[in-house]
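Numbering (my numbering), first residue to last: 12 to 356.
What follows is the structure, encoded as structure tokens:
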């Protein structure tokens with residue numbers, strides 16, 4: 012069964028619409044057709060009101076630094092996560108022993124020209140003072156080990172938004188486990204973090220991760236259905252930036268997802284675009300997961316940008332490489348980001 016026959020949409024893209032150039036974006040028209048032959052004109056991401064235009068001054072100023080003053084700039088985001096030591100344990104450092112020293116990762120973020128790095132409070136307090144002003148900080152305020160089962164995932168807070176202000180952070184990071192049996196606790200905890208972000212003028216970055224037995228029973232944590240749901244959930248819960256894993260299209264697993272996802276014929280590029288659209292005005296960055304080859308890293312970078320995303324958050328795919336190799340792949344990622352911009356943040 013084809014995508015158009017089950018749902019929601021048949022998408023046709025056209026060349027620029029004659030509306031005039033948009034700064035840092037490429038405008039395009041899109042025609043959508045609904046079941047029954049009714050035609051509805053939907054706004055593309057480049058036609059929607061920008062996120063920055065909706066934010067209060069504190070959030071806007073900080074987010075502007077990440078998008079335009081650091082990193083590749085031009086409205087893009089290239090983020091370096093270095094919180095894997097708690098989330099995965101030291102095993103991630105063995106491919107590149109130098110990365111076990113946090114200073115390696117901080118120095119890489121600063122010298123390679125990242126938009127920001129993301130880490131836990133202990134790392135921020137001990138290492139960020141040497142790099143403050145050279146690369147922005149996203150303070151992750153919650154975290155957990157991977158020792159317990161993921162069936163009832165919950166990441167408790169270990170620091171605060173006020174800690175982020177004290178440390179000079181430009182954004183706050185929060186991991187939300189969408190679909191976990193403990194999501195009620197998670198959402199209550201997130202509410203307090205979101206309110207504090209609003210009070211202090213801090214942008215909120217939500218790591219939106221589907222988790223738990225209910226997710227596993229409906230196609231898995233990285234299915235299009237689960238990632239699409241996570242994107243929407245994070246935006247509706249107040250995220251300014253949504254961090255997503257790459258959606259994986261797998262016909263065998265997708266048959267367990269709810270309709271119409273279980274009937275869709277869709278490729279990964281279209282799945283990414285749908286997830287980006289589900290996040291609305293919130294900016295989307297996609298992660299790279301475990302280390303892979305250069306071609307895949309650059310393909311994923313291009314795909315998220317062409318889908319209307321704002322950038323990437325690659326950790327192991329960068330700092331598990333030896334220094335010169337890491338700098339080389341970062342330069343290529345920057346080039347791909349800047350040559351594939353599709354939206355104004």
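The C-beta atom is built at its ideal place from N, Cα and C for all residues, glycine as well.
Given the structure is predicted, the values throughout are model-derived calculations rather than measurements.
{"Item": "Can you confirm whether the region 341–352 touches the region 82–89 when touching is taken to mean that 3 or more C-beta pairs between the two stretches lie within less than 8 Å?", "Value": "yes"}
{"Item": "Under a Cβ-count criterion, where at least 16 other Cβ atoms within 10 Å of its own Cβ denotes burial, should residue 1 be classed as buried or exposed?", "Value": "Limits of the chain in this structure are 12 at one end and 356 at the other, which puts residue 1 out of reach."}
{"Item": "One question on the structure: do residue 331 and residue 106 come within less than 8 Å of each other, judged by their Cβ atoms?", "Value": "yes"}
{"Item": "Need the endpoints of the alpha helix (DSSP H) that residue 186 sits in, please.", "Value": "First-last for residue 186: 182–189, but that is the beta strand (DSSP E), not the alpha helix (DSSP H)."}
{"Item": "Would you identify the three-state DSSP class for residue 252, choosing helix, strand or coil?", "Value": "strand"}
{"Item": "Output the distance between the C-alpha atoms of residue 339 and residue 196, rounded to the nearest integer angstrom.", "Value": "42 Å"}
{"Item": "Nearest CA to the CA of residue 206: which residue from 293, 172 and 224?", "Value": "172"}
{"Item": "I'd like to check one pair, residue 78 with residue 91: are the Cβ atoms closer than 8 Å?", "Value": "no"}
{"Item": "Quick one: grab the DSSP three-state call for residue 142.", "Value": "coil"}
{"Item": "On the three-state DSSP scale, how would you describe residue 92?", "Value": "strand"}
{"Item": "Ignoring anything shorter than 4 residues, give me the alpha helix (DSSP H) runs that lie fully in the region 145–228, in order along the chain.", "Value": "172–178, 194–211 and 224–227"}
{"Item": "Quick one: using the 10 Å Cβ neighbour count with 16 as the cut-off for buried, is residue 203 buried or exposed?", "Value": "exposed"}
{"Item": "Can you check DSSP and say which residues form a bridge with residue 234?", "Value": "259"}
{"Item": "My output table needs one value for residue 39: the three-state DSSP class, helix, strand or coil.", "Value": "Because residue 39 sits at a pLDDT of 34, beneath the cut-off of 50, its placement in the model cannot be relied upon, and the point is left open."}
{"Item": "Rounded to the nearest angstrom, how far is the Cβ of residue 94 from that of residue 148, given a contact under 8 Å?", "Value": "Actually they are not in contact, since the Cβ atoms of residue 94 and residue 148 sit about 12 Å apart, beyond 8 Å."}
{"Item": "Leaving out the 5 sequence neighbours to the left and right, which residues in its chain are closer than 7 Å to residue 34 when beta-carbon positions are compared?", "Value": "Caution applies to residue 34, whose pLDDT of 37 falls short of 50 and renders its modelled position unreliable; the value that the coordinates give is listed next. Answer for residue 34: 355, listed in chain order."}
{"Item": "Please state if the CB of residue 223 and the CB of residue 301 are separated by a distance shorter than 8 Å.", "Value": "no"}
{"Item": "So, with DSSP's three-state summary, where would you put residue 346?", "Value": "helix"}
{"Item": "Please determine if the region 211–231 and the region 258–278 are in contact, where contact requires at least 3 C-beta pairs separated by less than 8 Å.", "Value": "yes"}
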